[in-house]
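S.K.: Before I ask anything, here is the structure I am working with.
Numbering (the numbering used here), first residue to last: 72 to 352.
Following this line, the structure appears as structure tokens:
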């Protein structure tokens with residue numbers, strides 16, 4: 072059942088009732104894209120403007136958008152601009168693209184213990200491929216069976232090739248994969264009946280899949296801790312803008328549990344803040 076079961080477990084929601092949000096009942100607002108966040112380090116009031124013009128006032132903001140979204144819009148999302156160290160972290164940390172391709176067949180055509188296959192190109196054939204419309208197929212790493220789904224194959228494609236695939240129509244992707252299978256399989260392979268692929272880079276809510284560190288990250292001397300460091304109220308040290316998400320985790324970046332732990336980290340930061348400043352009765 073994928074990540075849905077994991078999320079509903081965290082929310083303590085009814086697994087059978089999709090409308091039940093568990094701990095988030097009456098605490099989440101749909102269709103409320105944030106257009107602008109106005110903050111000042113000398114005041115505890117943060118003004119959040121939604122796409123429909125609605126204004127929300129807050130004492131704290133925990134920003135959990137992906138690194139890809141921050142790269143694209145941070146310069147217009149926050150007023151005033153984020154501190155230099157924060158901008159350097161957004162620029163220096165990288166977000167890659169990893170997409171999945173699912174192919175459904177009328178019936179299973181490989182043994183249940185079949186591990187899948189990877190693609191190994193000869194140099195001459197790879198050079199020829201790069202000069203064709205199917206050049207993006209170079210980015211496909213492998214195909215393998217899906218557990219408990221014997222009629223499905225799952226493929227992985229990465230990087231610039233994945234981003235190019237996202238610009239193609241489903242028919243174009245389908246035709247290219249048929250060509251690929253005919254090239255690598257000596258026996259006749261049945262044609263898939265359905266194709267589904269992720270489009271993480273094209274999705275404006277993500278703009279990529281997983282964060283990673285590169286040589287450039289070291290060159291600009293930044294790290295996930297710079298991205299995770301909250302922006303504080305200069306008067307009393309309370310956190311105004313906080314940042315969570317897998318890219319802010321120092322060890323488990325690019326993972327779901329890293330994203331979850333970063334959310335717990337920032338929630339605990341607020342809890343500790345209010346416990347510390349709890350008024351005496």
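Ideal placement from N, C-alpha and C gives every residue a C-beta, glycine not left out.
1. State yes or no: is the C-beta of residue 270 within less than 8 Å of the C-beta of residue 194?
2. Let's see if you can read the secondary structure: which residues bound the beta strand (DSSP E) around residue 283?
3. Quick one: using the 10 Å Cβ neighbour count with 16 as the cut-off for buried, is residue 297 buried or exposed?
4. Does the distance between the C-beta of residue 316 and the nearest non-hydrogen atom of the ligand SAH fall short of 7 Å?
5. Is DSSP giving residue 269 helix, strand or coil here?
6. Does residue 104 pass the burial test, meaning 16 or more other C-beta atoms within 10 Å, or should it be called exposed?
7. Going by Cα to Cα distance, which pick from 178, 153 and 211 is closest to residue 301?
8. Near residue 323, which residues of its chain fall below 7 Å by C-beta distance, leaving aside the five closest residues on each side in sequence?
9. What is the DSSP secondary structure of residue 306, counted as helix, strand or coil?
10. How should residue 237 be labelled, buried or exposed, when 16 other C-beta atoms within 10 angstroms of its C-beta is the threshold for buried?
11. Who are the Cβ neighbours of residue 149 in its own chain at under 6 Å, not counting the five residues just before and after it?
12. State whether the segment 214 to 234 contacts the segment 159 to 175, with contact taken as three or more CB pairs (one from each stretch) at a distance under 8 Å.
13. Reducing DSSP to helix, strand and coil, say where residue 227 ends up.
M.R.: Per the coordinate set shown:
1. The count along the chain shown starts at 1 and reaches residue 270 at position 199. The count along the chain shown starts at 1 and reaches residue 194 at position 123. Taking C-beta atoms as the reference points, residue 270 and residue 194 fail to come closer than 8 Å.
2. One-based indexing of the chain shown puts residue 283 at position 212. Per DSSP, the continuous beta strand (DSSP E) segment holding residue 283 begins and ends at 281 to 283.
3. The count along the chain shown starts at 1 and reaches residue 297 at position 226. Classification for residue 297: buried.
4. Of the ligands one can find in the structure shown there are none, so the ligand SAH has no counterpart to examine.
5. On the chain shown, residue 269 is found 198 positions in, with the first residue counted as 1. Coil at residue 269, not helix or strand.
6. Sequence index remark: in the chain shown, residue 104 carries index 33 (1-based). Per the 10 Å Cβ criterion, exposed.
7. As a first step, residue 301 must be located in the chain shown, where it is residue number 230. Considering only 178, 153 and 211, the residue with the shortest C-alpha distance to residue 301 is 153.
8. Against the chain shown, residue 323 aligns to sequence position 252. Counting only Cβ-Cβ distances below 7 Å, and skipping sequence neighbours, we find 329 and 332.
9. Taking the chain shown and counting its residues from 1, one reaches residue 306 at position 235. DSSP places residue 306 in the coil class of the three-state scheme, outside both helix and strand.
10. Reading the chain shown from its first residue, position 166 is the one you call residue 237. By the neighbour-count rule (16 or more Cβ atoms within 10 Å), residue 237 is buried.
11. Within the chain shown, numbered from 1, the residue matching residue 149 stands at position 78. Only 108 meet the Cβ criterion.
12. The segment 214 to 234, when compared against the segment 159 to 175, does touch it at the 8 Å Cβ threshold.
13. Within the chain shown, numbered from 1, the residue matching residue 227 stands at position 156. DSSP places residue 227 in strand when its eight states are reduced to three.
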